Amino acid sequence: MNNIEFEILLNSYLKSNNIIDNSLNGIQIGGNNKINKIITGVSITIKLIKKSILLKCNTIIVHHGLLWKNNILSNFNKLIISKLLKNNINLYVWHIPLDIHPKIGNNIILSKKLNLQINILPNQNNPFIICKNNKNNKLINKIKKIFKIFIFYKTKKKINRICLCCGKGDNFIETTIIKYNIDTYITGEISELNFNIIIKYNINLIILGHEKSEIYGIEKLSKVIKKKFNIKTYNYITKKKLLNFIIMD
Ligand SMILES: [Zn+2]
Numbered sequence: 011m012n013n014i015e016f017e018i019l020l021n022s023y024l025k026s027n028n029i030i031d032n033s034l035n036g037i038q039i040g041g042n043n044k045i046n047k048i049i050t051g052v053s054i055t056i057k058l059i060k061k062s063i064l065l066k067c068n069t070i071i072v073h074h075g076l077l078w079k080n081n082i083l084s085n086f087n088k089l090i091i092s093k094l095l096k097n098n099i100n101l102y103v104w105h106i107p108l109d110i111h112p113k114i115g116n117n118i119i120l121s122k123k124l125n126l127q128i129n130i131l132p133n134q135n136n137p138f139i140i141c142k143n144n145k146n147n148k149l150i151n152k153i154k155k156i157f158k159i160f161i162f163y164k165t166k167k168k169i170n171r172i173c174l175c176c177g178k179g180d181n182f183i184e185t186t187i188i189k190y191n192i193d194t195y196i197t198g199e200i201s202e203l204n205f206n207i208i209i210k211y212n213i214n215l216i217i218l219g220h221e222k223s224e225i226y227g228i229e230k231l232s233k234v235i236k237k238k239f240n241i242k243t244y245n246y247i248t249k250k251k252l253l254n255f256i257i258m259d
């Protein structure tokens with residue numbers, strides 16, 4: 011398949027043309043006119059490029075790419091870009107479209123894996139899910155099983171009304187506490203300063219790790235491409251050493 015044709019098809023499937031995003035979604039590096047095999051991953055890294063060369067894939071699709079609004083290209087980017095072009099590899103990126111998609115988005119898949127009851131779906135302005143924890147749902151056990159390592163800032167409040175925001179959840183903590191009266195915030199990462207909001211409202215906080223909270227969207231996209239377009243795909247997950255989970259009181 012032609013690489014521009016592929017971009018149009020994927021933009022349409024992910025409805026990304028209507029989504030405002032910091033990331034430049036779609037094709038970022040046009041390294042090859044024809045797509046043979048595809049490798050997907052959460053972020054563009056040298057390791058992922060090496061893997062694509064090894065598997066003879068001329069196309070990489072990631073959630074976190076190179077071109078962001080207000081970002082300048084650095085020497086590190088130069089290394090990545092030159093490696094991609096030298097090896098005739100395409101780079102495609104879909105960021106927010108892969109967070110908020112109602113079927114294959116990071117938030118929807120993770121909330122289903124955690125057996126949460128979905129109340130409000132994510133959208134462009136609110137790229138998070140508001141959900142409810144079922145009484146008999148052993149949520150922490152489920153998180154422990156999937157993530158192995160995570161941070162649990164635990165209060166005396168029962169985990170009931172949850173905001174799940176995969177990736178960087180900084181921008182929505184206070185608004186979701188006030189608007190949806192949540193008692194638990196689950197996210198990939200938050201900055202130190204925003205931790206004060208958690209303390210101020212005394213809610214539970216569960217931090218899963220940015221990359222790990224976003225592995226499902228891209229993995230599902232890989233499967234969709236294989237099925238819909240009959241292109242061979244691989245999905246790459248960074249292997250990191252896992253420790254036990256941490257509870258803070
Ligand atoms: Zn992210």
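Residue numbering for the sequence shown follows the numbering used here, starting at 11 and increasing by one per position.
Each residue gets a CB set at the ideal place from its N, CA and C atoms; glycine is no exception.
Here the structure is a predicted model, which means the values were calculated and not measured.
Item                                                                                     : Value
T186 burial status per 10 Å Cβ neighbour count (16 or more: buried)                      : buried
Beta bridge counterpart(s) of Q127 as assigned by DSSP                                   : K142
Three-way DSSP call (helix, strand, coil) for L76 in this model                          : coil
Residue of I30, E224, E15 and N87 minimising C-alpha distance to G198                    : E224
Paired residues, beta bridge with C175 - DSSP                                            : T197
Check whether N43 and N12 have beta carbons under 9 angstroms apart                      : yes
DSSP beta-bridge partners of S33                                                         : W78
Spatially closest choice to V52 from K164, I70 and E17, by CA coordinates                : I70
Residue span of the alpha helix (DSSP H) that contains I106, given as start and end      : I106 to I110
Secondary structure of L2, DSSP reduced to three states                                  : With the chain covering 11 to 259 only, the question about residue 2 has no answer from this structure.
Under 9 angstroms between C-beta atoms of G75 and L101                                   : yes
DSSP-derived helix/strand/coil call for K251                                             : Because the pLDDT at K251 is just 48, under 50, the model does not fix this residue reliably, and the value given afterwards should be weighed accordingly. DSSP places K251 in coil when its eight states are reduced to three.
Bounding residues of the alpha helix (DSSP H) (the contiguous stretch that carries Y244) : From DSSP, Y244 is part of no alpha helix (DSSP H) but of the beta strand (DSSP E) over K242 to N245.
Reduced DSSP secondary structure (H/G/I, E/B, other) of G51                              : strand
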